[in-house]
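**Student:** Heads up, the sequence shown is in UniProt numbering, so the first residue is 1 and it goes up one at a time.
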Amino acid sequence: MAGEDAVFKIFPRKIRELLEQAGADSGEIQELRLRAGRPLFVISGGKEQALTIRGRLVPAEGESLPEGLFLVSREQIGETVDLMSRFSLYAAQEEIRQGFLTIQGGHRVGVAGRTLAENGSVRVMRSISFLNVRVAHEKKGCADRVMRFLYTENGRFLNTLIISPPRRGKTTLLRDIIRQASDGCRAGSGETWIPGISVGVVDERSELGACYEGCPQNDVGARTDVLDCCPKSQGMMMLVRSMSPDLIAVDEIGGEEDARAVEYAGSCGCALAASAHGGSLEEIWEKPGLKRLAEEGFFKRFILLDKEGPVGRVKGIYDERGKECLI
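Here it is, written out as structure tokens:
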């Protein structure tokens, strides 16, 4: 295990000891899933493993689960919740009622359990029994290969949409695009220096900047402003009105409301960098909001990540007509 960092410190002692014995490395893990009375699953490199009572990680993708697995108790779930909220669940409820909590280091813990609703909205979450710890990974430089395709000859950022199935690296790639656009980078056909621009990030689920107590835990660049835990469509309009960004970045767009906000930002002179779930250009064009944007030629670049092989591998980069750029 690569050090006692924040992602492991939220677990009770028994779970930490078993993970350490198993050689679990937070630098490689993508997710840890804990469910009361069920096995602890570790997702690493896109593959799922389960933790045994003897401190081993074994494959868990067969027709039946292996024997001798460690089962997470309800008490251990409760202790984890106490640790991740620093023993102040009440203070963390505003974030938790949205379904997650961001901890130090930028790691995001998804939560599920019994909710109490009021006027159609979740007021509070109690009896938390399910946790999904998504380990934050910064891979600076992972966008080096694509940056030269994302600018015009005169250095203006082209509206870009990253397309990827879940857990294939789209958020990590988008984060590095944000950083490089903000700090400045070498891009264009001649690999010339492009000065940094003002970037506004709408981080609805705290995955891009991974803000902890208001401060980004991830490096999103020196000229970047982050609107944390704010709905994408509302946040884009707020940033245009208040922060005057040259580029707005959002993760996982898809609906009509998102599309209208994207169009609004574009009409105000902002460039857009966004991501969306999908396995192909055709899948994206089947989604009503994105289909309209694609048909209007709003996005000038589509980056498609490969659904197989190493996480984050770029399968292709395409222009607004769907024609592949030479990479």
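We put the CB at the ideal spot given by N, CA and C, even for glycine.
Over what stretch of residues does the alpha helix (DSSP H) that includes residue 156 continue unbroken?
**Tutor:** Taking the first residue of the sequence shown as position 1, residue 156 is located at position 156. Neither: residue 156 is in no alpha helix (DSSP H) and is coded neither H nor E.
**Student:** Would residue 175 and residue 199 be called neighbours here (beta carbons separated by less than 9 Å)?
**Tutor:** Here residue 175 refers to the residue found at position 175 when the sequence shown is read from its first residue. Here residue 199 refers to the residue found at position 199 when the sequence shown is read from its first residue. No, they are not a contact pair.
**Student:** Rounded to whole angstroms, what's the CA-CA distance from residue 220 to residue 68? Just pull it up for me.
**Tutor:** For the purposes of this step, residue 220 is taken as residue 220 along the sequence shown, with counting starting at 1. For the purposes of this step, residue 68 is taken as residue 68 along the sequence shown, with counting starting at 1. Cα to Cα, residue 220 sits roughly 43 Å from residue 68.
**Student:** Determine, for residue 216, whether the minimum Cβ-Cβ distance to residues of chain B falls below 9 Å.
**Tutor:** Of the chains in the structure shown, none is chain B; there is only one protein chain.
**Student:** Using only CA atoms, which one of 313, 309, 315 and 265 lies nearest to residue 299?
**Tutor:** Taking the first residue of the sequence shown as 1, we reach residue 299 at position 299. If we check each option's Cα against that of residue 299, 265 comes out closest.
**Student:** Mark residue 243 as exposed unless 16 or more other C-beta atoms lie within 10 angstroms of its C-beta, in which case mark it buried.
**Tutor:** On the sequence shown, position 243 is the one that residue 243 refers to. Exposed is the call here.
**Student:** Closest to residue 324 by C-alpha separation, out of 139, 310 and 304, would be which residue?
**Tutor:** In the sequence shown, residue 324 corresponds to position 324, counting from 1. Looking at the Cα atoms, 304 is the closest of the given residues.
**Student:** Is the Cβ-Cβ distance between residue 210 and residue 177 less than 9 Å?
**Tutor:** Indexing the sequence shown from 1 puts residue 210 at position 210. Indexing the sequence shown from 1 puts residue 177 at position 177. No, the Cβ-Cβ distance between residue 210 and residue 177 is not below 9 Å.
**Student:** Over the uninterrupted alpha helix (DSSP H) stretch that includes residue 264, give me the two end residues.
**Tutor:** Looking up residue 264 in the sequence shown gives position 264. Run containing residue 264: 256-267, per the alpha helix (DSSP H) assignment.
**Student:** Relative to the C-alpha of residue 36, which candidate in 113, 294 and 154 has its C-alpha closest?
**Tutor:** Here residue 36 refers to the residue found at position 36 when the sequence shown is read from its first residue. Taking only the C-alpha atoms, the option nearest residue 36 is 113.
**Student:** Expressed to the nearest angstrom, what Euclidean distance is found between the alpha-carbon atoms of residue 206 and residue 163?
**Tutor:** Reading the sequence shown from its first residue, position 206 is the one you call residue 206. Reading the sequence shown from its first residue, position 163 is the one you call residue 163. Their backbone Cα atoms lie some 19 Å apart in a straight line.
**Student:** Just the Cα atoms here: how many angstroms apart are residue 101 and residue 34?
**Tutor:** Counting from one through the sequence shown, the residue named residue 101 turns up at place 101. Counting from one through the sequence shown, the residue named residue 34 turns up at place 34. Their backbone Cα atoms lie some 15 Å apart in a straight line.
**Student:** Can the beta-carbon of residue 250 be found less than 9 Å from the beta-carbon of residue 269?
**Tutor:** Working through the sequence shown from its first residue, we reach residue 250 at position 250. Working through the sequence shown from its first residue, we reach residue 269 at position 269. No, they are not a contact pair.
**Student:** What is the rounded straight-line gap between the Cα of residue 302 and the Cα of residue 128?
**Tutor:** If you number the sequence shown from 1, residue 302 lands on position 302. If you number the sequence shown from 1, residue 128 lands on position 128. Rounded to the nearest angstrom, the two C-alpha atoms are 39 Å apart.
**Student:** What's the call for residue 208, buried or exposed, on a 16-neighbour Cβ count within 10 Å?
**Tutor:** Walking along the sequence shown from the start, residue 208 turns up at place 208. Label assigned to residue 208: buried.
**Student:** Can you look up residue 160 in the DSSP assignment and give me helix, strand or coil?
**Tutor:** For the purposes of this step, residue 160 is taken as residue 160 along the sequence shown, with counting starting at 1. Three-state result, residue 160: strand.
**Student:** Count the other CB atoms within 10 Å of the CB of residue 116; is the residue buried (16 or more) or exposed (fewer)?
**Tutor:** Against the sequence shown, residue 116 aligns to sequence position 116. Classification of residue 116: exposed, given that the 10 Å Cβ count is below 16.
**Student:** When the Cα of residue 45 is compared with those of 71, 131 and 168, which residue comes out closest?
**Tutor:** The residue you call residue 45 lines up with position 45 of the sequence shown. Checking every option, the nearest Cα to that of residue 45 belongs to 168.
**Student:** In the structure shown, what three-state DSSP assignment does residue 80 receive?
**Tutor:** Here residue 80 corresponds to residue number 80 of the sequence shown, with the count starting at 1. Note: residue 80 maps to helix in three-state DSSP.
**Student:** Considering Cα atoms alone, identify which of 150, 28 and 287 is closest to residue 278.
**Tutor:** Against the sequence shown, residue 278 aligns to sequence position 278. Nearest of 150, 28 and 287 to residue 278, Cα basis: 287.
**Student:** Going along the chain, which residues of its own chain have a beta-carbon closer than 7 Å to the beta-carbon of residue 319, five neighbours each way excluded?
**Tutor:** Mapped onto the sequence shown, residue 319 falls at position 319. So the list reads 300, 301 and 325, once near-sequence residues are dropped.
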